[in-house]
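Everything below concerns the one structure shown next.
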Amino acid sequence: MQPRRLNGVLFLGALLAAWEIVAQAQWINPLIVPPPSRILRIFWEQVSSGQIPAQILVSMKRAAAGYFLAAAVFIPLGIFMGLSRRIYSLFEVIVEMLRPVPPPVLIPLAMLFFGLEDEMKIFVIFFSCAWPILLNTLDGVRGIDPVLVNTGRTFGLSRLKTLWQIVLPAASPQVMTGMRVSLPITLILVVISEMVGSTDGIGYFILDSQRRFKVAQMYAGMLSLALLGYLLNQLFDLVYRRLLAWHWGMVRGRE
Amino acid sequence: MDGVKKFNWLGWSACALLLCLWELGSRAAPKLQLYVPPISQVMAALGQLALAGPIAKHLMITVGRFVEGYLLSAAIGVSLGIVLGYFRIVHSFLETLIEFLRPMPSVAIIPVAILALGIGDSMIVAVTVYATVWPILINTLDGVRRIEKILLDTGRTFSLARRQILWQIILPAASPYIVTGLRVGLSIALILVTTAEMIAGSKGLGFFYPRRRTLDEQRGHVRRYSAGRGPWLHAQSTVSRRRSEGDALAPRRDRAGICLRCSPGD
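Chains as they are written, first to last, in our numbering: chain A, 1 to 255; chain B, 256 to 521.
Written out as structure tokens, the structure reads:
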């Protein structure tokens, strides 16, 4: 593992060095590709001056609102659709009709209703996170081993208790899968919606830098976005492992 | 959802009920009509636009870019994924780079692409390819690495040539993963094409649609309707024949061999 890691880091370093040399020698248009050293310097300036953190904070608020709202609505819906055939067929057609709409296409519609404010972005994120969360939850609930539910019934658990103590835990790995799939979608959509209609946020920051030809600043914005995505992923993993520690224990036990 | 099954009366009637509510609601409140014109008017506008031509023209442009970008990224993603999955050493060199680039939301690449390629077809296709390659690449890579060693060893024992191992063992064994990647890529490609057109396009649905937003709300609704419905229509080809814009769309997609249902983040 260690030498492999080293390989990767070395390669990345070599690539950056090559980039630096090419950019410094001006073999390619420096307007389009500034040297990495300059990008890093600008990145640091923007971070220490609070510009990038402020933009990221704005974006993250929108992202979190849309993401958790979608979870709050669609996890319960998915559970009910998974439990009851009737509820499932009630919503099936509507879901199948709305699901294939590519979310960016909703932005103009959302602008119409919500204007250019936060609500527009939150709605778009909410809509696009909805489907992976809903479908995964649904799958998870449907895939529950009937023995589990029947055991609960044998012990005379009430409906509510069955829901809390059997259905929800048994479906939770799948629910978390849905949440994980939605995470990058959230990030993409917050950036898109800020690029299309906004005056702040990291997506706007990047596009605005490009339009004003502050190219190094644009790359700095992208760098911060990459770091943000990486951190969010790590954070999710951490929460995932904590929350579902028992699940991993079970998987290990089976092996 | 579960293959062949009987007609879902409940679901379709719920859907019809919603559409009726839409129609009645917007007819009852004239003020609301500015935002939500009755569905009948939306459908009429769709028919009009489809007959007049602009929607089909823009649709074809969008679909053309989509197909081009998607096929390119499939070719790149699958071949690169197989190379990376099979040759550990290559993967070890690129691993860190991939880990770094992957979490960045792919739309962030649009400004760079505009700088480098201007605002034409090539920019839109390039952006689409960049974003769509990721899921295909990662899934293929995963699939190839998960192939049981016994399979490969058996192939070697029977002294298969490298090419035979590739075609007869690696590709079939990894194909479920590859298909998953292709499927995820489908929705991402559609997202990226429309987004790139919205931000910097001069043709195509993504461009046409927000531009008209201020002029004619009904047409905006139409655009949303057809953009979203395209792949869905295609997947359920019997339905697609009934709808005017589906006819323009279906044959082209068919030729491209894309027959998966598309949904964001599926």
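The C-beta atom is built at its ideal place from N, Cα and C for all residues, glycine as well.
**Q.** Start-end ranges of the alpha helix (DSSP H) lying completely within the region 391-465 of chain B, minimum 4 residues
**A.** 404-412, 426-455
* To do: Could you list the residues in the region 361-381 of chain B with a C-beta less than 9 angstroms from some C-beta on chain A, going in chain order?
  => Ser361, Val362, Ala363, Ile364, Ile365, Pro366, Val367, Ile369, Leu370, Ala371
Cα separation between arginine 254(A) and isoleucine 125(A)?
Between arginine 254(A) and isoleucine 125(A), the C-alpha separation is close to 38 angstroms.
#### Entry: Where the alpha helix (DSSP H) containing lysine 61(A) begins and where it ends
Membership of lysine 61(A) in the alpha helix (DSSP H) is indicated by the continuous run 51-83.
* Which first and last residues belong to the alpha helix (DSSP H) in which arginine 254(A) is found? -> First-last of the alpha helix (DSSP H) with arginine 254(A): 245-254.
CB contact below 7 angstroms: glutamate 350(B) versus chain A: yes
Compare the beta carbon distance of isoleucine 21(A) and tyrosine 219(A) with 7 angstroms and say whether it is the shorter of the two. no
What separation, rounded to the nearest whole angstrom, lies between the Cα atoms of arginine 497(B) and alanine 305(B)? Low per-residue confidence applies at arginine 497(B): pLDDT is 35, beneath 50, and the placement is therefore not dependable enough to give any value.
*Leaving out five residues on either side along the sequence, give the residues of the same chain with a beta carbon under 8 angstroms from the beta carbon of phenylalanine 213(B).*
Nothing can be reported for residue 213(B), as the shown portion of chain B is limited to 256 through 521.
Quiz prompt | Within-7 angstroms CB hit, serine 89(A) to chain B | solution = yes
**Request:** Flag asparagine 394(B) as yes if its beta-carbon sits less than 7 angstroms from any beta-carbon of chain A, otherwise no.
**Result:** no
Can the beta-carbon of alanine 368(B) be found closer than 7 angstroms to that of alanine 381(B)? yes
Exercise for review: Please list, in chain order, all residues of the same chain as isoleucine 144(A) whose beta carbon is under 7 angstroms from its beta carbon, the five residues on each side excluded.
Suggested key: Val167, Ala170, Ala171
Look at glutamate 278(B) and proline 293(B) and say whether their C-beta atoms are less than 7 angstroms apart. yes
Notebook entry, point to check: Can you name the residues of chain B whose CB is closer than 9 angstroms to the CB of arginine 212(A)?
Noted result: In chain order: nothing, as chain B lies at least about 11 angstroms away.
Distance, glycine 13(A) Cα to glycine 520(B) Cα
Note that glycine 520(B) scores 34 on pLDDT, short of 50, meaning its location in the model is unreliable and no value can be drawn from it.
**OP:** Could you tell me which of Asn7(A), Leu31(A), Gln46(A) sits nearest to serine 224(A), measuring between CA atoms?
**Re:** Gln46(A)
What separation, rounded to the nearest whole angstrom, lies between the Cα atoms of tyrosine 341(B) and methionine 453(B)?
Each residue's Cα considered, the two are about 39 angstroms apart.
Check your understanding: Can you tell me where the alpha helix (DSSP H) with phenylalanine 355(B) in it begins and where it stops?
Key -> Where phenylalanine 355(B) is concerned, the enclosing alpha helix (DSSP H) stretches over 343-356.
message: Please confirm whether leucine 276(B) has its beta-carbon closer than 7 angstroms to some beta-carbon of chain A.
response: no
#### Entry: Min CB distance proline 390(B) to chain A below 7 angstroms
No, proline 390(B) lies away from the interface with chain A (no Cβ there is under 7 angstroms from its Cβ).
Could you pull the start and end residues of the alpha helix (DSSP H) that leucine 106(A) belongs to? The continuous alpha helix (DSSP H) containing leucine 106(A) extends over residues 106-114.
Please return the same chain residues whose Cβ sits closer than 7 angstroms to the Cβ of tryptophan 267(B), not counting the five positions on each side in sequence.
none
* Asked: Do proline 365(B) and alanine 307(B) have their C-beta atoms within less than 7 angstroms of each other?
  -> Here residue 365(B) turns out to be isoleucine, not proline, going by the sequence shown. Not closer than 7 angstroms, so no.
Fill in: Rounded separation between isoleucine 337(B) and leucine 356(B) - CA only
19 angstroms
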